[in-house]
Amino acid sequence: MIGFGSRVFRFSEWLVDGDGSMRALLGGKGSGLAEMCRLKIPVPPGFTISTAVCNFWLEHGRLPAGVDEEIAAAVEWLEDCTGRKLGDPADPLLVSVRSGAAISMPGMMDTVLNVGLNEACCQGLARRSGSRRFALDSYRRLLQMFGEIVLQIPRARLDSLLPDQRSCAASALSEGILEPLVAELKRAIQFATGHPFPVVPRAQVAMAIEAVFRSWRCERARCYRRLHGIEETLGTAVTIQAMVFGNRGEKSGTGVGFTRHPSTGERLVFGEFLANAQGEDIVAGNTTPSPLDVLARTMPYVHRQLVAMAEQLETHYRDVQDFEFTVEEGRLFLLQTRAAKRSAVAAIRTAVEMANEKLISRDEAIGRITPRMLQEVLAPQLDVGDAEVQPLTQGLAASAGAACGQIALSSHEAVRMAEEGLSVILVTEETTADDIHGMAAAAGFLTSRGGATSHAAVVARGMGKCCITGAQAVVIDAQAATVRIGGATLRAGEWLSLEGNTGRAFEGKLPLRPADAQDPHLQTLLGWARQANGNSVRANADTPEDACRALAEGAAGIGLCRTEHMFFAPERLPHMRAMILAVSQEERLRELNELLPMQQTGFEEMFRIMSGRPVTIRLLDPPLHEFLPSRDELDGEITSARREEDWDLATTLEKMRERAAALGESNPMMGHRGCRLSITSPEILHMQVAAILQAALRVRDQGYTPEPEIMVPLVASEEEMSTLAGMIRKTAAEVFAREGTTLAYRIGSMIELPRAALVADAIAVHVDFLSFGTNDLTQMTYGFSRDDSRTYIDPYIERKILTADPFVTVDRKGVGALMELAIRSAKGVHPGVKIGVCGEHGGDPASIEYFYSIGVDYVSCSSSRLATAQLAAAQAARTRASAMQISHDRLPATEAHFANASRGTSLVPGAAPV
Ligand code: PEP
Ligand code: MG
């Protein structure tokens, strides 16, 4: 008893066993054909053998019991449908035997067309079609495909028999050529296999089915699956379908189309058509097809029908489709439909336009865009062109974008060259806080050390500049003013091009192609993303320029302003140094009083730019010796001061060297920094808090709405936080008393030490918000240095000891466990406490998804990562909302009742909400 619909599935205009939801069993092609039949789209009838049968065959080398009979019955059914019989010399049925996996693997597996031809059937086909040339052309195609795919004869051997490989489209081969060609192909098959070409059509079908099963395991298909992470166990389905012929003359042809333009996303049916040809002619690329407009001119009725079907398919699938079609003597048939592969630009445009057309929801539009697509459209690109340019080296892709410039080997040189109007690439071992001016002057940075959260990487992202870190093949010779990169030695001043997205550095000046950030579709999508994530993505911005960029990118506020960067400006650094070197309290206060108005001006500008949005200003964090010149620099300056007999300067510099030596620490990352500085030098905290609040009062007087937040770094204990909160409040009270007014401000603590996470509840009662500094939290939890861990992180990843760089994607098991504990305990004692993340992970899509799932309220990241962070946060918010919906749906009846009641939803049908 034959039971169709479990291993063999038929499809025709009148009868369909499968449907579009059965991809896993019928493959993309088989399920698409079944669904198109259900939609009454003209499709040649046929049947699909399931992937389960393929897997059985691959395992046992034979078909499961009974499938042979089911195939035979399906062939009989197909003969009834078409009114033709396989092997009937008067009017033969010909079929295609086509592969089709659940996940599209374009061109990787095999297909055989025109199965069912032999000498007698070829004559019958000639008589029926009235064209011997067409019949011979179909036969030679079968011999070629069957020979290669089923009989495994090298393709080149059979192709070499063709008169001219570039002109083997159907229309190019005359009857006079085809006649002997068919005979030669048969001879070649006999010679290669020792057997004549199999003339029994049913045997041809059976052999072709097995060949398609076998093609699942061919090398190129395996390689494709490895690259795309497709499971080996899925198997392919096989579809046997009545042939329709695109090679029956000028009113016939074959083509492929897209329901929207796959590279621009424009809403038009786009595609190519090749008259008088079969499908493989397009794929083989032997002839150049014409645009679909040509079809509109030669067969306007077919073109109109095709456009209508494209619209029907897109509306049905609610996504851009890529379809294959054949026209046989003016009659249109669709042979395949699937979701179209598209460029990032096209993906954004089509998602936005489909949502505007109400074909999909805005949420679905957001869900269709990946962070990688955004990175691709936003970063300026190196225009490498068609030429294969080899990179000099590849480091860590620390900040996206591209830059070309002349090499500077120090910040000082970078500034000098930029002042001359040159585009500069700063190449150094690593950067530190006092390289900030050199970095501001350069177009991009290449460092030989450092990871994804090293100084260079963090600053580059904040500045929206391209940066490659940890490029170990970069060796700088400062004496000779040269840099060796891989095999090349370049002099300072020579051109270098960087590709931040891939971490590749190229010799010379490659052209750049700017990204179009103002693209209206992109802007619309990001607007929807901001709505969906509750406007919860802020920017890390240290200067008014950074704040302007962040605002332009749609930041909800500033989540981290690292104030130390403000002290490195040339007019501020001498006061900072004098303050550090001061021996008396009086001298120290005098220098701080010089710094206060300078800081205040910077904050005023930030508050004006971010009016109505929160601005989180972090109190001084780095150890003080970072503001002093290095010992080598001081030694050099002292020697030259002495040489010039400037004894006063020499004495000052010697004092500075002594102080720097006294402040020096063997482990500065765990040293006298962060909130420890505020406790031992309270006058610094006092100056900064006064500058923040005075700035806020000043801009409020000017009509702006400042929202200051004062954040304390590197807190480890409740005692530190309560002391510092007290000091901040006392200073605020003094400012307000002096100014005769008050202003709302918030106090927060960074959580960047494991101990702080463990006692977050005790800290939370003293603050309005907690912000995870995941850079230091990762460093301190793993005990991996943020700046020099590349030498073991990469080998760890290679050996699968780590799955990802924990400075790029948050470590959920360790750092995440601390965060979850901290959030739960802090919200337990202070439910209103806001939770943020301001480490670099705040811009990493995978980390963002996790943060929102554990109760983080907002993230903050460099402005260059704002777009991707907004998208990732919107997607995370969708996931969280649907998880909450599911858990609500699962509530027992009474709990659901009370949950609704407390939301103010009336439970009485028809009654107004309470
Ligand atoms: C952090 O540690 O995550 C942080 C934001 O602070 P910084 O990077 O300045 O140390
Ligand atoms: Mg930190």
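The numbers in the numbering used here rise by one with no breaks, and the one at position 881 of the sequence shown is 880.
Note that beta-carbon positions come from the ideal geometry of N, C-alpha and C, so glycine has one too.
Expected contact under 8 Å - CB spacing of residue i and residue j to nearest Å
i	j	result
T50	L24	6 Å
A689	L595	6 Å
K826	G854	7 Å
L150	T81	Actually they are not in contact, since the Cβ atoms of L150 and T81 sit about 27 Å apart, beyond 8 Å.
P712	D620	4 Å
V423	Q405	6 Å
G502	A396	4 Å
Residue i beta carbon near ligand 2 (any heavy atom closer than 7 Å)
i	result
N964	Coverage of the chain is limited to positions 0 through 913, which leaves residue 964 absent and any answer about it impossible.
E632	no
P712	yes
E719	no
E751	yes
Start and end residues, alpha helix (DSSP H) containing residue i
i	result
Q189	E174 to T192
I792	R789 to E797
C547	P543 to A551
S5	Taken as a continuous stretch (DSSP letters only), S5 belongs to no alpha helix (DSSP H), as it is neither H nor E.
I691	P681 to D700
E738	E717 to E738
P519	P519 to A531
R139	R131 to M144
F212	P200 to S214
G29	R22 to R37
M308	P299 to Y316
N-terminal and C-terminal residue of the beta strand (DSSP E) that residue i is part of
i	result
I557	I557 to R561
C465	C465 to T468
R483	T481 to I484
G270	F269 to A274
A538	V536 to N539
L331	R330 to A338
R617	P613 to R617
V255	G252 to F257
F768	F768 to F771
A236	T235 to A241
S861	Y857 to S861
M710	E706 to V711
I834	K833 to V836
W920	A question about residue 920 goes unanswered here, because the residues of the chain that appear run from 0 up to 913.
V474	V473 to D476
heavy atom of ligand 1 below 7 Å from residue i C-beta
i	result
R561	yes
C466	no
C837	yes
V255	no
V457	yes
D476	no
D620	yes
Would you list, in sequence order, the uninterrupted beta strand (DSSP E) runs of no fewer than 3 residues that lie entirely inside the stretch 49-110?
Here the runs fully enclosed are 94-100.
Does the contact criterion of 3 or more C-beta pairs under 8 Å hold for the stretch 201-219 versus the stretch 71-88?
Yes, since at least three Cβ pairs between the stretch 201-219 and the stretch 71-88 fall closer than 8 Å, the two stretches touch.
Should the stretch 530-540 be called in touch with the stretch 857-872, which here means at least 3 C-beta pairs below 8 Å?
Segments in contact, yes.
State whether the stretch 521-534 contacts the stretch 862-874, with contact taken as three or more CB pairs (one from each stretch) at a distance under 8 Å.
Yes: at least three Cβ pairs fall under 8 Å.
Minimum length 3: unbroken beta strand (DSSP E) runs contained in the stretch 401-458
Segments of the beta strand (DSSP E) lying fully in the stretch 401-458: 401-407, 423-427 and 443-446.
Does the stretch 752-769 come within contact of the stretch 812-828, defined as at least 3 CB pairs closer than 8 Å?
The stretch 752-769 vs the stretch 812-828: in contact.
Taking 8 Å as the threshold, find out whether the stretch 701-716 comes into contact with the stretch 614-630 through three or more Cβ pairs.
With the cut-off at 8 Å, the stretch 701-716 and the stretch 614-630 touch.
Does the contact criterion of 3 or more C-beta pairs under 8 Å hold for the stretch 90-97 versus the stretch 172-189?
Not touching, per the Cβ criterion.
Check whether the stretch 504-519 and the stretch 369-384 touch, using three or more Cβ-Cβ pairs below 8 Å as the test.
Because the criterion of three Cβ pairs below 8 Å is met, the stretch 504-519 and the stretch 369-384 touch.
Can you find at least 3 beta carbon pairs, one from the stretch 388-397 and one from the stretch 464-481, that sit closer than 8 Å?
Yes: at least three Cβ pairs fall under 8 Å.
Evaluate contact between the stretch 334-354 and the stretch 255-262, counting only Cβ atoms and requiring at least three cross-stretch pairs below 8 Å.
Result yes; three or more Cβ-Cβ pairs closer than 8 Å.
Touch check for the stretch 23-37 and the stretch 228-240: three-plus C-beta pairs under 8 Å?
The stretch 23-37 makes contact with the stretch 228-240; the number of CB pairs closer than 8 Å reaches 3 or more.
Inter-stretch contact (C-beta, 8 Å, three-pair minimum) for the stretch 292-309 and the stretch 221-229
Flag = no, the stretch 292-309 and the stretch 221-229 do not touch.
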